[in-house]
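Chains as they are written, first to last, in my numbering: chain R, 120 to 586; chain V, 120 to 586; chain P, 61 to 159. Note that the Cβ used here is the ideal one computed from N, Cα and C, for glycine as well. Computed from a prediction, not measured in an experiment: that's the story for all the values here. Let me begin by presenting the structure, written as structure tokens, before commenting on it.
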Amino acid sequence: MTKSFDFDVLVIGAGPGGYHAAIRAAQLGLKVACAEREAVGGVCLNVGCIPTKALLHAGEQIAAARHAADFGLTFGQQSLDIAKLNGWKDGIVKKLTGGVGALFKANKVTHLIGQASFVDDHTVKVGDQTYSAASIIIATGSEPAKLPGLEVDQSSIVDSTGALVMPDPVPARMLCVGGGVIGFEFAHVYNNMGAKVKIIEFLPNVIPGADADAVKEFAKIMTKQGIEIAVQTKANRAEKKADGIHVELENVKTGEKTVEVFDRVLVAVGRRPRTDGLNAQAAGVTVTERGFIPADTRQRSNVPHIYVVGDVASNPMLAHKAMKEGLVAAEVIAGKPAEQDAVAIPGVVYTSPELAWVGLTEAEAKEKGYEIKTGVFPLSASGRAMTLQATDGFVKMVVEKDTDLLLGVHIVGPHASDLLGEAGLALEMAATASDIALTMHAHPTLGESVLEAAEAVHKQAIHIMNR
Amino acid sequence: MTKSFDFDVLVIGAGPGGYHAAIRAAQLGLKVACAEREAVGGVCLNVGCIPTKALLHAGEQIAAARHAADFGLTFGQQSLDIAKLNGWKDGIVKKLTGGVGALFKANKVTHLIGQASFVDDHTVKVGDQTYSAASIIIATGSEPAKLPGLEVDQSSIVDSTGALVMPDPVPARMLCVGGGVIGFEFAHVYNNMGAKVKIIEFLPNVIPGADADAVKEFAKIMTKQGIEIAVQTKANRAEKKADGIHVELENVKTGEKTVEVFDRVLVAVGRRPRTDGLNAQAAGVTVTERGFIPADTRQRSNVPHIYVVGDVASNPMLAHKAMKEGLVAAEVIAGKPAEQDAVAIPGVVYTSPELAWVGLTEAEAKEKGYEIKTGVFPLSASGRAMTLQATDGFVKMVVEKDTDLLLGVHIVGPHASDLLGEAGLALEMAATASDIALTMHAHPTLGESVLEAAEAVHKQAIHIMNR
Amino acid sequence: RSGSGAPGSSTAGTGTLTRAPAPGPAARADGRVLAVPAARQLARELGVELTQVQGSGPNGRIRVQDVMSYGQQGQGGQTGPAQQTAPAAAIPQPPVIPQ
Ligand SMILES: Cc1cc2nc3c(=O)[nH]c(=O)nc-3n(C[C@H](O)[C@H](O)[C@H](O)COP(=O)(O)OP(=O)(O)OC[C@H]3O[C@@H](n4cnc5c(N)ncnc54)[C@H](O)[C@@H]3O)c2cc1C
Ligand SMILES: Cc1cc2nc3c(=O)[nH]c(=O)nc-3n(C[C@H](O)[C@H](O)[C@H](O)COP(=O)(O)OP(=O)(O)OC[C@H]3O[C@@H](n4cnc5c(N)ncnc54)[C@H](O)[C@@H]3O)c2cc1C
């Protein structure tokens, strides 16, 4: 690297992918800048992972207060101050994005404010200024996909960003178009806050990508909680009238059309990579037809000193994937032998109970030619789950038959995302079901259900009969 | 084994150690009986692990309802129906003990009701009947230790069993004698239910055995929650008077004595192994002066076909240790190469936040001659913790300096017991801090704090500055 | 694939990976043998003394595969519970109960 560059590394985008890359590069002694046109923290901190989890927690506390009657705790009139709720959520976002700003300062990452676009493969214009860098990391993320016929106005028809602002009063009738993770998280929030919620999904199953058994259990529980789920259904158009938003729904199997009326409609039909205004072609960087900028396992684009991380690089569009890729890109630039070699990328729906998984689903394992065995342990047999008033769900393990190698773990249950820690490490360590079954798990914990699922693989679970 | 025995295996005691042994032995095709003089499930299910966790959950829901005001959720007059609370807790116990009974039936374990005592090394009397068995497993558990001067009457002066019945009204002033796990769990319950609670501990630190930094953080949080903690203090005597129980407290350092008045006093100063009426000497089984029946790593007593598991065998007196030992004994009897070879036995205080640990404390690691490095990640820097309104605490990792080998994990925080799954597996797998740091952890989860603590060991945590 | 690897033992990664010297016998100064649970179980099954096994993981961590190859090579190609080495002194042999 010659002295003629302004920076060793210039990162475009300060979402989880970008800020992880910038901080790690700085930790490794490089001179780093990070350009961001909106707020540091990206989608995840500002309008994604974090504010959704805040609303989910609030909604769950409302449900918990209701369930407290089971053990004799009752409350008088309950009241929810919506302005305070939105303010509390925004406060958390502010604290976290402020934290990222402080980390930039402390790590001596130069924060460039403005829209970044390539001038050439070593030069980027940010606002009015032009900067050169030896290496450049593209971390421009993604944005909500649009749905023709349902124009987002962020008040009655919203995307995930608009849905994060809870209206006062809470809408009585809510439609979530799209039965993916985001659709279900918002459905859960609005349902707990008193809305009557319907989710529609084009495909035959909700939460595509998750294990079929787990999804079935999950959907059953969500239905029991009052969320109406309609699969193989699409929304054709919406019309705002005095009594609400009239939405034409179509059963994609029968072609049957009906009109239903809602007070708020969420469009959550996926996300698409974001490269607008980036002028990637000026750097000679390949952008696919669908808008992705592909990267290799060292996060390199087709131009060797230009790296790509996060949502703009590939699916699945998840923050932890972006973070990992950000670290890898920074380390590769610093000359370290890093590689994005994750065995599996975990997925979580942060409802209550949660749906969380890591590794292969039963169907994927079979598709890949594995001979498998499975083990399932229902939370209804867990003492800890009973004391938490949360016995809906199970832990399912997918294991290679002959070798006992763990292939995937699928959990529907309280704190499922916390239990993923063990499952994820097990997969990365190439652990067997026996390794988990032989490991002492504290009693009484939800983690014992992971142990019991491993025992169930060997037909030796203690607290259920093994068929 | 000749055909002359009534059973292949006779288990004495149906606590977690005993029922795990009985069920596993039956799963392995052996003819099994299990003798129990009280209720199946032992201390753990009836008056230990489970009912405490039920009360803890109830108490935490009271605290959660109070904290809900932070995000705008408020309630009118709150009321707690104590009879319903006790009934709910008892219902969970009944469901679980009923479950063990059903598992006995389904696995064809003969349940013998009554006090068991040895006639000789192959013969046990249960009630009026005498049974012979090729192998015998002693799983008679433990009972609360007594404290001279504080006679337990199970109403105003209680042990852990008495404390499980919440009185109506909740006592205004509560003293917990003993700052161990049980003392803190009850202190937390009563504090959340409105009592003014004081804990006294003879030693200079509460929760002996846990990491000093973790204990310090934990005690700070408990104090903040309103629990008064006095270390190096003992209770000499208690006198019941019209205005309450007058307890003489003594500062063991200064010798200073004071009298304080309480409405309920819990004596939780440890537990002792239980062998009363067992007549172990008739079988030639060694009982130590302190009442333990020692076992080797295959759970064998000094008499080769008599096994010992759980609290009666050794410290720490924990259910998961009893369970593991029960499985080992059953498998060894069935000719399997099982061994109690756990790298570490996890410990948990199920308060909110929880204190949970597995493996060596910093002090223990140094004592053993390890050169170590540590990594700490505070939950105040965790986005997930913020959304859960639970940012008190941290994850601390103790790691061998040269090899990066993980030695211990110490967590103060929400769901800490769930995070132990990963930590425990890591220790058993002889994982390094790098193994954890390189494993993708879902965002936003509490498990990311485990990842960050591992990164902190290498001075590469992202969300804090690494000194 | 029937062993237990680790990200640390694979090609590359992020983080400050402290690499162990060439894998050697797994017994450590404090007597602890670094082996994954399933490898410990298999060693008992095969009557293999873990301290004799060369672990191929970081810090000489013993994986299932290491025990299997030791069982095959280290003991002259003989494996199986019949070929027990002398049991550890403190642990008596389990009685086998014929069903
Ligand atoms: C409602 C919702 C909930 C979600 N929940 C989760 C969850 O719980 N867990 C999870 O793992 N994932 C979740 N996600 C997905 C997660 O937010 C993304 O995967 C993650 O934000 C991707 O990070 P990134 O760094 O690739 O991009 P982004 O977070 O999208 O950040 C890209 C940044 O680049 C900036 N930028 C773009 N172009 C330019 C330019 N030309 N010049 C300057 N700046 C530019 C943008 O302003 C933005 O700040 C959620 C998403 C949504 C919408
Ligand atoms: C309040 C409290 C909370 C606890 N919380 C936890 C926790 O959260 N996690 C944890 O791991 N541990 C906890 N423990 C400890 C846990 O309960 C014990 O470690 C566990 O019960 C030990 O199991 P065991 O099988 O050895 O013996 P026990 O559970 O004591 O069972 C022994 C059984 O044997 C029966 N018995 C005894 N002698 C005879 C005889 N001669 N004939 C017939 N039957 C006999 C007894 O009636 C009893 O049912 C807690 C303990 C208490 C008191």
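Check, Outcome
"Looking at Y250 (chain V) and ligand 2, is the gap between the Cβ and the nearest heavy atom below 7 Å?", "no"
"Consider the Cβ of L192 (chain R): report whether some Cβ of chain P lies at a distance smaller than 8 Å.", "no"
"Just to confirm, does P135 (chain R) get its C-beta within under 7 Å of one of the non-hydrogen atoms of ligand 1?", "yes"
"At 4 residues or longer, what runs of the alpha helix (DSSP H) sit wholly inside the stretch 395 to 471 of chain V?", "438 to 452"
"Give the straight-line distance between the Cα atoms of V243 (chain R) and V130 (chain R), rounded to the nearest whole angstrom.", "10 Å"
"Any beta carbon of chain P sitting closer than 8 Å to that of A188 (chain V)?", "no"
"Helix, strand or coil: which one does DSSP assign to Y138 (chain R)?", "helix"
"Can you find the residues in the same chain that come closer than 7 Å, C-beta to C-beta, to F237 (chain V), ignoring five residues on each side of it along the sequence?", "V243, L397, N398, A399, A401 and A402"
"Anything in chain V within Cβ reach of K172 (chain R), meaning under 7 Å, just list it in chain order.", "R503, T506 and P563"
"Report buried or exposed for I318 (chain V), applying the criterion of at least 16 other Cβ atoms within 10 angstroms of its Cβ.", "buried"
"To the nearest angstrom, how far is it from the Cα of L507 (chain V) to the Cα of P465 (chain R)?", "20 Å"
"Compare the Cα-Cα distances from E336 (chain R) to each of R:L544, R:L498 and R:N226 and report the closest residue.", "R:L498"
"Check whether the stretch 185 to 195 of chain R and the stretch 203 to 210 of chain V touch, using three or more Cβ-Cβ pairs below 8 Å as the test.", "yes"
"Going straight from the alpha carbon of G246 (chain R) to that of R156 (chain R), what length do you get?", "9 Å"
"Tell me the start and end of each unbroken beta strand (DSSP E) in the stretch 521 to 547 of chain R that is at least 3 residues and wholly inside, in chain order.", "525 to 532"
"Where A457 (chain R) and A463 (chain V) are concerned, what is the direct C-alpha to C-alpha distance, given to the nearest angstrom?", "32 Å"
"With a threshold of 16 other CB atoms inside 10 Å of the CB of D523 (chain R), please say whether the residue is buried or exposed.", "buried"
"Note down the Cα distance separating V124 (chain P) from A329 (chain R), rounded to an integer number of angstroms.", "30 Å"
"Considering only C-alpha positions, which residue in the set R:V477, R:A545, R:A482 and R:E486 is nearest to I530 (chain R)?", "R:V477"
"Under 8 Å Cβ-Cβ, which residues of chain P neighbour K203 (chain V)?", "None at all; the shortest Cβ gap to chain P is about 44 Å."
"Expressed to the nearest angstrom, what Euclidean distance is found between the alpha-carbon atoms of T405 (chain V) and I425 (chain V)?", "11 Å"
"Check the Cβ of D460 (chain V) against every Cβ in chain P and list those closer than 7 Å, keeping chain order.", "R100"
"Provide the residue(s) that pair with I257 (chain V) in DSSP beta bridges, ordered along the chain.", "V:I131 and V:V427"
"Buried or exposed, going by whether 16 or more other CB atoms sit within 10 Å of the CB of P435 (chain R)?", "exposed"
"Suppose you measure from the CA of S129 (chain P) to the CA of A441 (chain R); what does that come to, to the nearest Å?", "40 Å"
"Please report whether the beta-carbon of A575 (chain R) lies at a distance below 8 Å from any beta-carbon of chain V.", "no"
"For I348 (chain V), collect the residues of the same chain with a Cβ closer than 7 Å to its Cβ; drop the 5 residues on either side in sequence, then sort them by chain order.", "G298, I318, V325, A338, M341 and T342"
"Where do the ends of the beta strand (DSSP E) carrying G363 (chain R) lie?", "G363 to N370"
"On the three-state DSSP scale, how would you describe N165 (chain V)?", "helix"
"For A187 (chain R), which residues from the same chain have a beta carbon less than 8 Å from its beta carbon, with the 5 sequence-adjacent residues on both sides left out?", "T193 and F194"
"Go ahead and pull the three-state DSSP assignment for E375 (chain R).", "coil"
"Between the Cα of G566 (chain V) and the Cα atoms of V:L538, V:A545, V:H582 and V:T510, which residue gives the shortest distance?", "V:L538"
"What's the gap between the Cα of F126 (chain V) and the Cα of V151 (chain V)?", "6 Å"
"Can you tell which of R:G429, R:I491 and R:F305 has the C-alpha that lies nearest to the C-alpha of T280 (chain R)?", "R:F305"
"Considering only C-alpha positions, which residue in the set V:I276, V:T394, V:G445 and V:A291 is nearest to R419 (chain V)?", "V:G445"
"Quick check on V93 (chain P) - is its C-beta less than 8 Å from some C-beta in chain R?", "no"
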